[in-house]
Every structure is written in structure tokens, then in C-alpha cells.
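According to the working numbering, the residues represented by the sequence shown are 1 to 158, in order. Cβ coordinates follow ideal geometry from the N, Cα and C atoms, glycine included. Structure record follows, encoded as C-alpha cells.
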Amino acid sequence: MNPFILLVIGLLLVFLEFFVPGAVFGILGGIAIAASLVFFAMENHSPWEVLLYFTTVVVLLVYLVKFALWRIRKTNSKHSLYSDADQEGFVASSFDHSAIGKHGTVLTDLKPGGYILVGDKKYQAISLSGYLSRGSEVEVIDGQEESLLVKPIKDKKL
Numbered sequence: 001m002n003p004f005i006l007l008v009i010g011l012l013l014v015f016l017e018f019f020v021p022g023a024v025f026g027i028l029g030g031i032a033i034a035a036s037l038v039f040f041a042m043e044n045h046s047p048w049e050v051l052l053y054f055t056t057v058v059v060l061l062v063y064l065v066k067f068a069l070w071r072i073r074k075t076n077s078k079h080s081l082y083s084d085a086d087q088e089g090f091v092a093s094s095f096d097h098s099a100i101g102k103h104g105t106v107l108t109d110l111k112p113g114g115y116i117l118v119g120d121k122k123y124q125a126i127s128l129s130g131y132l133s134r135g136s137e138v139e140v141i142d143g144q145e146e147s148l149l150v151k152p153i154k155d156k157k158l
């Protein structure tokens, strides 16, 4: 069989795997690409030609994966792997942006993670300055995934 046809079929199957769950297309694509390499090597090519073919296949796979990931990001967000929207049965992991800049009180020791109280809401938080004891006053400066990032408020001297 022609190794170039097998290579194209394998690359198409690997590309399809990004959009169809189940790993079947990815496995078949990998087998087709491996068979393409074997058939090319069996056709009495010089070692340099085989090395060049192998390198070309690797480069094509890298660009194919980059293109597939770019394409996924450009698709409708409800079908994307990068979705940050809530889905049935799951809640997207995101911190409360409105808490940034507000002051709060440490509810549990932050070692560096724990809980804080901002207003009347309890939040998961991470201290950027290491250990903070319960009752310390903190300022929310940012967020990461579902946690708020906080720093201690320095006592003001009069």
C-alpha cells in the first residue's frame, strides 16, 4: 500500500479524534501513521530519506494538533473543551470577580489555603504571603480558578 495515502488517512483520523470522543479515531490514526512509516522504510529508501520522512510526519502531527486546538477554540463555546460556562450537572470553576479589591476576615488559618469572609459571603482563598492566622484582615487582590488570592492588610500607624 502507498505510505503517503496511509499517512493522509492517519492524519485525518487523528484530526477527527479531536472532535469525536472515544479514542477510536485516534488509535486508528496512530496505527495508520505507524504503518505508513513501516511501509515507507520497506521500500528500499536510504536511511536519510527514512529519517526525513519520519521528521516530516512528526512535524505534520505537531502542526495538526496545533490546528485542531485552534479550531476547537474558534468553535461555538458550548461545544468547546475550553468552556467556562456551567453545563448540566457541573458548575464552571471560577472565582467571584466582584470580590477583588474588597477586604475580608480569615475564617480558617490560611496555610496558604483556607476560607475567608468578605461581607457576608464565605470564599475559598489562597494567601500570597504564606501562613495567615484566623481573624487576620486581608485584601482580595485577584483570583485563580475557584479561589481568591489575598494578601494581609498592614496595620496603619497613626
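Between the CA atoms of Leu69 and Glu145 - distance to the nearest angstrom: Sequence index remark: in the sequence shown, residue 145 carries index 145 (1-based). Sequence index remark: in the sequence shown, residue 69 carries index 69 (1-based). Near 21 Å, if we compare the C-alpha coordinates of Leu69 and Glu145.
If we call anything under 9 Å between Cβ atoms a contact, is Phe67 one with Phe15? On the sequence shown, position 67 is the one that residue 67 refers to. On the sequence shown, position 15 is the one that residue 15 refers to. Contact: yes.
Going by beta carbon distance, what residues of the same chain come within less than 8 Å of Ile31, once the five residues before and after it are set aside? Numbered from its first residue, the sequence shown carries residue 31 at position 31. Counting only Cβ-Cβ distances below 8 Å, and skipping sequence neighbours, we find Gly10.
Distance check for Pro152 and Asp120, CA to CA, integer angstroms please. For the purposes of this step, residue 120 is taken as the residue at position 120 of the sequence shown. For the purposes of this step, residue 152 is taken as the residue at position 152 of the sequence shown. Approximately 19 Å, taken between the alpha carbons.
Does the count of Cβ pairs from the region 103-110 and the region 128-146 closer than 8 Å reach three? yes
Please determine, among Leu128, Ser98 and Val8, the residue with the shortest C-alpha to C-alpha distance to Leu64. Locating residue 64 in the sequence shown gives position 64, counting from the first residue. Measuring from the Cα of Leu64, the nearest candidate turns out to be Val8.
Since Gly114 is in the beta strand (DSSP E), which residue starts that stretch and which ends it? What you label residue 114 is simply residue 114 of the sequence shown in a count that begins at 1. Start and end: Gly113 to Val118.
For Glu145, which of helix, strand or coil comes out of DSSP? Working through the sequence shown from its first residue, we reach residue 145 at position 145. It is coil, neither helix nor strand.
Endpoints, the alpha helix (DSSP H) within which Ala68 is located: Reading the sequence shown from its first residue, position 68 is the one you call residue 68. Note, Ala68: alpha helix (DSSP H), Pro47 to Lys74.
So, at 7 Å on beta carbons, what are the nonlocal neighbours of Phe40 in its own chain, with the 5 sequence-adjacent residues on each side left out? Stepping through the sequence shown from its first residue, residue 40 is reached at position 40. Counting only Cβ-Cβ distances below 7 Å, and skipping sequence neighbours, we find Pro3, Val50 and Tyr53.
Can you name, in chain order, every residue of its own chain whose Cβ lies under 8 Å from the Cβ of Leu61, other than the five neighbours on each side? On the sequence shown, residue 61 is found 61 positions in, with the first residue counted as 1. Within the same chain, Leu61 has close Cβ partners Leu11, Val14 and Ile33.
Simplified DSSP assignment, three categories, for Leu158: Translated into positions along the sequence shown, residue 158 becomes position 158. For Leu158, the predicted structure reports a pLDDT of 44, less than 50, and the residue's modelled location is therefore unreliable. A value from the coordinates is still provided. Correct three-state label for Leu158: coil.
Give me the Cα-Cα distance between Ile27 and Met42, rounded to the nearest whole angstrom. Residue 27 sits at position 27 when you count from the first residue of the sequence shown. Residue 42 sits at position 42 when you count from the first residue of the sequence shown. In a straight line, the C-alpha of Ile27 is about 23 Å away from that of Met42.
Secondary structure at Gly30, three-state DSSP: helix, strand or coil? Stepping through the sequence shown from its first residue, residue 30 is reached at position 30. If DSSP states are grouped into helix, strand and coil, Gly30 belongs with the helices.
Please report the residue range of the beta strand (DSSP E) in which Ile126 lies. As a first step, residue 126 must be located in the sequence shown, where it is residue number 126. Ile126 -> beta strand (DSSP E) spans Lys121 to Ser127.
Among Val118, Ser147 and Lys122, nearest to Val138 - alpha-carbon criterion: Reading the sequence shown from its first residue, position 138 is the one you call residue 138. Considering only alpha carbons, the answer is Val118.
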